[in-house]
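S.K.: Sequence lines, in order, name chains E and Y.
Going by the working numbering, the first residue of the first sequence is number 113, and it counts up by one from there.
Going by the working numbering, the first residue of the second sequence is number 16, and it counts up by one from there.
No residue lacks a Cβ here, since even glycine has one placed at the ideal position from N, Cα and C.
Keep in mind the model is a prediction, meaning the values are calculated, not measured.
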Amino acid sequence: MVSRQRSILLVLVVILSVAAALAGLWWTNQDRVPAGAAKTVFARDTTSAILAKGEYLARAGDCIACHTQPGSREFAGGRAMETPFGSLFVPNITPDDERGIGRWTPDEFYRMMHTGRSRDGTLLYPAMPFASYTKITREDSDAIFSYLLSVPPIAQPNRPHELRFPFNNRELLVGWRALYFKEGEYVPEPRQTTEWNRGAYLVQGLGHCAMCHTAINALGGSSQSKAFEGGMIPNQNWYAPSLTSNREAGLGEWSIDEIVNLLQGGVSHRGTVYGPMAEVVYNSLQYLTDEDVKAMAVYLKALPSPGEKPLPPTAQPVQPAVMELGRKIYSQQCAVCHKEDGKGYPPDYPPLANNQSIEMATPVNPIRMVLNGGYPPGTKRNPRPHGMPPFAHLLNDEDIAAVVTYIRVAWGNSGTPVTPAQANQMRSATVE
Amino acid sequence: MEARVQGCVTCHGQQGQGTANGYFPRIAGKPAGYLFNQLRAFRDGRRHYTPMNYLVAYLPDAYLQEIASHFAQLRPAFAPFQAPAIAAPVLQHGRALVTAGDSTRQIPACVSCHGLGLTGMEPGIPGLVGLRPAYITAQLTRWKTGDRRATAPDCMHRIVNRLTDNDMVAVSAWLGSLPAPQDLSPDARNTVRMPMACGSQG
Chain E
113 MVSRQRSILL
123 VLVVILSVAA
133 ALAGLWWTNQ
143 DRVPAGAAKT
153 VFARDTTSAI
163 LAKGEYLARA
173 GDCIACHTQP
183 GSREFAGGRA
193 METPFGSLFV
203 PNITPDDERG
213 IGRWTPDEFY
223 RMMHTGRSRD
233 GTLLYPAMPF
243 ASYTKITRED
253 SDAIFSYLLS
263 VPPIAQPNRP
273 HELRFPFNNR
283 ELLVGWRALY
293 FKEGEYVPEP
303 RQTTEWNRGA
313 YLVQGLGHCA
323 MCHTAINALG
333 GSSQSKAFEG
343 GMIPNQNWYA
353 PSLTSNREAG
363 LGEWSIDEIV
373 NLLQGGVSHR
383 GTVYGPMAEV
393 VYNSLQYLTD
403 EDVKAMAVYL
413 KALPSPGEKP
423 LPPTAQPVQP
433 AVMELGRKIY
443 SQQCAVCHKE
453 DGKGYPPDYP
463 PLANNQSIEM
473 ATPVNPIRMV
483 LNGGYPPGTK
493 RNPRPHGMPP
503 FAHLLNDEDI
513 AAVVTYIRVA
523 WGNSGTPVTP
533 AQANQMRSAT
543 VE
Chain Y
16 MEARVQGCVT
26 CHGQQGQGTA
36 NGYFPRIAGK
46 PAGYLFNQLR
56 AFRDGRRHYT
66 PMNYLVAYLP
76 DAYLQEIASH
86 FAQLRPAFAP
96 FQAPAIAAPV
106 LQHGRALVTA
116 GDSTRQIPAC
126 VSCHGLGLTG
136 MEPGIPGLVG
146 LRPAYITAQL
156 TRWKTGDRRA
166 TAPDCMHRIV
176 NRLTDNDMVA
186 VSAWLGSLPA
196 PQDLSPDARN
206 TVRMPMACGS
216 QG
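#1: According to a CB-to-CB cut-off of less than 8 Å, which residues of the stretch 138-167 of chain Y neighbour chain E?
#2: In the structure shown, what three-state DSSP assignment does Y:A18 receive?
#3: Spell out whether any CB of chain Y is found under 9 Å from the CB atom of E:P529.
#4: In chain order, what residues of the same chain lie with their CB nearer than 8 Å to the CB of E:T531, ignoring the 5 residues before and after it?
#5: Taking only three categories from DSSP, how would you classify Y:Y64?
#6: Could you spell out where the beta strand (DSSP E) holding E:F201 opens and where it closes?
#7: Would you check if there are 3 or more beta carbon pairs closer than 8 Å linking the stretch 42-51 of chain Y to the stretch 130-150 of chain Y?
#8: Could you tell me whether the Cβ of Y:T119 comes closer than 9 Å to any Cβ of chain E?
#9: When you compare only the Cα positions, how much space is there between E:N536 and E:P475?
#10: Counting C-beta neighbours from all protein chains within 10 Å, is the total for E:N280 16 or more, i.e. buried, or is it exposed?
#11: Take Y:T34 and list the residues in its own chain whose beta-carbon comes closer than 8 Å to its own, dropping the five residues that flank it on each side.
#12: Anything in chain Y within Cβ reach of E:F503, meaning under 8 Å, just list it in chain order.
#13: Who are the near neighbours of E:T140 in its chain, counting only those whose CB is closer than 6 Å to its CB and skipping five residues on each side?
#14: Just to confirm the assignment, what range does the alpha helix (DSSP H) spanning E:M481 have?
#15: With the cut-off set at 9 Å, would you say E:E360 and E:A473 are in Cβ contact?
#16: Determine the contact status of Y:A98 and Y:G191, defining contact as a CB-CB distance below 9 Å.
#17: In angstroms, rounded to a whole number, what distance separates the CA positions of E:P302 and E:I162?
#18: Look up E:A147 in the DSSP assignment and say whether it is helix, strand or coil.
#19: What are the start and end residues of the beta strand (DSSP E) that includes E:E194?
#20: Residues of the stretch 261-274 of chain E in Cβ contact with chain Y at a cutoff of 9 Å, in chain order, please.
#21: Can you give me the Cβ contacts of E:A267 inside the same chain, cut-off strictly under 6 Å, excluding the 5 residues immediately before and after it?
#22: Please report whether the beta-carbon of E:P458 lies at a distance below 9 Å from any beta-carbon of chain Y.
#23: So which residues of chain E does Y:E81 contact, with C-beta pairs closer than 8 Å?
#24: So with CB distances below 8 Å, who are the chain Y contacts of E:G499?
#25: From the beta carbon of Y:Q32, is the nearest beta carbon of chain E less than 9 Å away?
#26: Find the nearest neighbour of E:L400 within the set E:P388, E:N373, E:S417, judged by alpha-carbon distance.
#27: So, under 8 Å CB-CB, E:G499 and Y:Q21 are touching, yes? Tell me the CB distance rounded to an integer number of Å.
#28: Label E:A533 either buried or exposed according to how many other C-beta atoms from any shown protein chain fall within 10 Å of its C-beta, with 16 as the threshold for buried.
#29: Per DSSP, E:A352 is paired with what?
#30: Ordered along the chain, which non-local residues of its own chain (more than five positions away) have a Cβ less than 6 Å from that of Y:Q30?
#31: For a cutoff of 9 Å on Cβ pairs, would you count E:G259 as touching chain Y?
#32: Determine which residues of the stretch 43-64 of chain Y have a Cβ less than 7 Å from any Cβ of chain E, and write them out in chain order.
#33: Does DSSP put E:Y487 in a helix, a strand or coil?
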């Protein structure tokens, strides 16, 4: 296993080095500090309307989630982001002159958002979702920048990243960008409605949904052709379901109201957000207007489904004894809230029958819910959510596997069985 | 409200009375201010216990306050618990520290802040009865290492720094051996003057 990992790593290094060399040749011929599409002169519009708009857009972009250490001062950075390549420490984006962005210009801020280059021209690591933010308009970028300049400056120094060789070499990013970064503002689709286009702009741009809902490959990139098809979130061990497949989180069969309830409130009659998506709803989506969330819902519902083949039902037969053990545990521990027939009492106790998040090909999320429980986020629409308790200390791996298998195949659900080894693997997963 | 806090019950019991498990603490009847401080500290990452940090990560203050008040006003009977057999000298040492402290080492008695009945004091000092030795030892250790902290001035940190490992084992064993007191309610705010300034009494 180790040697296999090593050889993969070696291949990676070679690919990256070649890509870096090629792209580097190209890049050295370019203007190292392009001004982007900026035409605005250095004029800070600080009217309250602009600031309110900027604050709203910063919410839509969920800047706070990464740029604030939980329980600490807003936007002062310092939070560690664990990646497969080492730890990144998120920078201070308060308007402190020395440690923050106090001396940046609107042009420099737009160029950073649009091209992924910092003020001094340094290439940003793609943990900063500039591949999504590149789509936002100059006007919106300026509003966000004005807002960030208006928050209290915090003199907290930035901490250097702790990335392993070779990933600590930023030149490699040139190669990464050649493969995975397409610069450019969102271009409205003329055949679609204004509402659909607004939704697309928010989902693809500030919402940076693709960061989780598109599979991340071994190079830490996500392929445009697989946009929104779902993937494991590196280091968090949650599966971000496909937004296109109706077998996962595809919303083709949901009503617009149900989607809006889920995104803005955190709960719906079809399912509930948990894990990293609870954070997104808590810090970002709950603050968006009804119109914007509805626009996102319209766009998400219309995402094309990639022609799905139903799973062969006999591919993985369930052992009768496992099914019986699962049924017993379900009756004892789960049925009081989720009902014997799996229909629950939505939206507070979500249904498990016909719940895509239970039936997905990967069982990671339902296993983790049984192990760790969870509270949906407390939101404006649902300020006092109902919570599910952890069962990690009450059920052994066989029990967990049996009950998760049961809920994945009972009541006409189309999931596949789960093994005790899969359950055990998730016991050590980072709880976040 | 009981329906909303089902997320708590597999560890803390349906009424917050605790469970047969030796670690998860009884939370029923602890002062609401204390419980709220803990919930907020778990949410904001100032107190570390991963399953708790995860559960309350995205809950707003108003709701945490409501959850705290809910468990604070409950008075369930103690969960059945068989205290392990402890050598008499250890229990005596524990009893002495809990009830009288040790003036030669500037260790105040636990009862001087946590109440004569050890049921705590409003608004910020928790009851110590009904907790299991494993939990108490773990918490004292975390105070000592600095992993667990309270609002400055952090009196518990000062006190625990004066305790030896033997002291901590003895105190935990004695506290864990106590039967339920007649009145499970915490003392009213500042009924006694405390021997040290404590930030959590605000």
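M.R.: Let's see:
#1: none
#2: The residue given as residue 18 of chain Y occupies position 3 in the second sequence. When secondary structure is reduced to three states using DSSP, Y:A18 falls in the coil class, being assigned neither helix nor strand.
#3: By one-based count along the first sequence, residue 529 of chain E stands at place 417. Not an interface residue.
#4: Your numbering for residue 531 of chain E matches position 419 in the first sequence. So the list reads A513, once near-sequence residues are dropped.
#5: As a working note, residue 64 of chain Y is residue 49 in the second sequence. Coil at Y:Y64, not helix or strand.
#6: Walking along the first sequence from the start, residue 201 of chain E turns up at place 89. E:F201 -> beta strand (DSSP E) spans 198-201.
#7: yes
#8: Walking along the second sequence from the start, residue 119 of chain Y turns up at place 104. For Y:T119, the answer is no, since every Cβ of chain E falls outside 9 Å of its Cβ.
#9: Taking the first residue of the first sequence as position 1, residue 536 of chain E is located at position 424. Taking the first residue of the first sequence as position 1, residue 475 of chain E is located at position 363. Cα to Cα, the separation comes out at about 12 Å.
#10: Here residue 280 of chain E corresponds to residue number 168 of the first sequence, with the count starting at 1. With fewer than 16 Cβ atoms within 10 Å of its Cβ, E:N280 is classed as exposed.
#11: The residue given as residue 34 of chain Y occupies position 19 in the second sequence. Correct list, in chain order: T25, C26, H27, G28, A94.
#12: Residue mapping note: residue 503 of chain E aligns to position 391 of the first sequence, counting from 1. The contacting residues are T25.
#13: If you number the first sequence from 1, residue 140 of chain E lands on position 28. Because E:T140 carries a pLDDT of 36, less than 50, the predicted location of this residue cannot be relied on, and the following value inherits that uncertainty. Excluding positions up to five away in sequence, the list is empty.
#14: Locating residue 481 of chain E in the first sequence gives position 369, where the first residue counts as 1. Where E:M481 is concerned, the enclosing alpha helix (DSSP H) stretches over 476-484.
#15: As a position in the first sequence, residue 360 of chain E is number 248, starting the count at 1. As a position in the first sequence, residue 473 of chain E is number 361, starting the count at 1. Going by beta carbons, E:E360 and E:A473 fall inside the 9 Å limit.
#16: Taking the first residue of the second sequence as 1, we reach residue 98 of chain Y at position 83. Taking the first residue of the second sequence as 1, we reach residue 191 of chain Y at position 176. Cβ atoms of Y:A98 and Y:G191: closer than 9 Å.
#17: Indexing the first sequence from 1 puts residue 302 of chain E at position 190. Indexing the first sequence from 1 puts residue 162 of chain E at position 50. Taking the CA atoms as reference points, E:P302 sits about 28 Å from E:I162.
#18: Within the first sequence, the letter at position 35 stands for residue 147 of chain E. Interpretation of E:A147 is limited by its pLDDT of 45, a score under 50 that renders its predicted location unreliable; the figure taken from the coordinates is listed afterwards. Correct three-state label for E:A147: coil.
#19: Residue 194 of chain E sits at position 82 when you count from the first residue of the first sequence. Unbroken beta strand (DSSP E) run through E:E194: 192-195.
#20: none
#21: As a position in the first sequence, residue 267 of chain E is number 155, starting the count at 1. If we look at E:A267 and ignore the five residues flanking it on each side, its Cβ neighbours are D208, R211.
#22: Indexing the first sequence from 1 puts residue 458 of chain E at position 346. E:P458 does not count as touching chain Y.
#23: Residue mapping note: residue 81 of chain Y aligns to position 66 of the second sequence, counting from 1. Within chain E, the residues near Y:E81 are R496.
#24: The residue you call residue 499 of chain E lines up with position 387 of the first sequence. The answer, in chain order, is R19, V20, Q21, G22, C23, L70.
#25: Residue mapping note: residue 32 of chain Y aligns to position 17 of the second sequence, counting from 1. At a cut-off of 9 Å, the C-beta of Y:Q32 has no neighbouring C-beta in chain E.
#26: One-based indexing of the first sequence puts residue 400 of chain E at position 288. Nearest option by C-alpha distance: E:N373.
#27: Indexing the first sequence from 1 puts residue 499 of chain E at position 387. Indexing the second sequence from 1 puts residue 21 of chain Y at position 6. With 8 Å as the limit, E:G499 and Y:Q21 qualify as a contact, their Cβ atoms being about 6 Å apart.
#28: Here residue 533 of chain E refers to the residue found at position 421 when the first sequence is read from its first residue. Result: exposed.
#29: Stepping through the first sequence from its first residue, residue 352 of chain E is reached at position 240. Per DSSP, E:G343.
#30: The residue you call residue 30 of chain Y lines up with position 15 of the second sequence. For Y:Q30, where only same-chain residues beyond five positions count, the Cβ hits under 6 Å are A43, L89, P91.
#31: Position 147 of the first sequence, counting from 1, holds the residue named residue 259 of chain E. According to the sequence as given, residue 259 of chain E is Tyr; it is not Gly. Not closer than 9 Å to any Cβ of chain Y, the Cβ of E:Y259 fails to qualify, so no.
#32: Those residues of the stretch 43-64 of chain Y that come within reach of chain E (Cβ to Cβ, closer than 7 Å) are D59, G60, R61.
#33: Position 375 of the first sequence, counted from the start, is the residue given in the question as residue 487 of chain E. Residue state, collapsed to three classes: coil.
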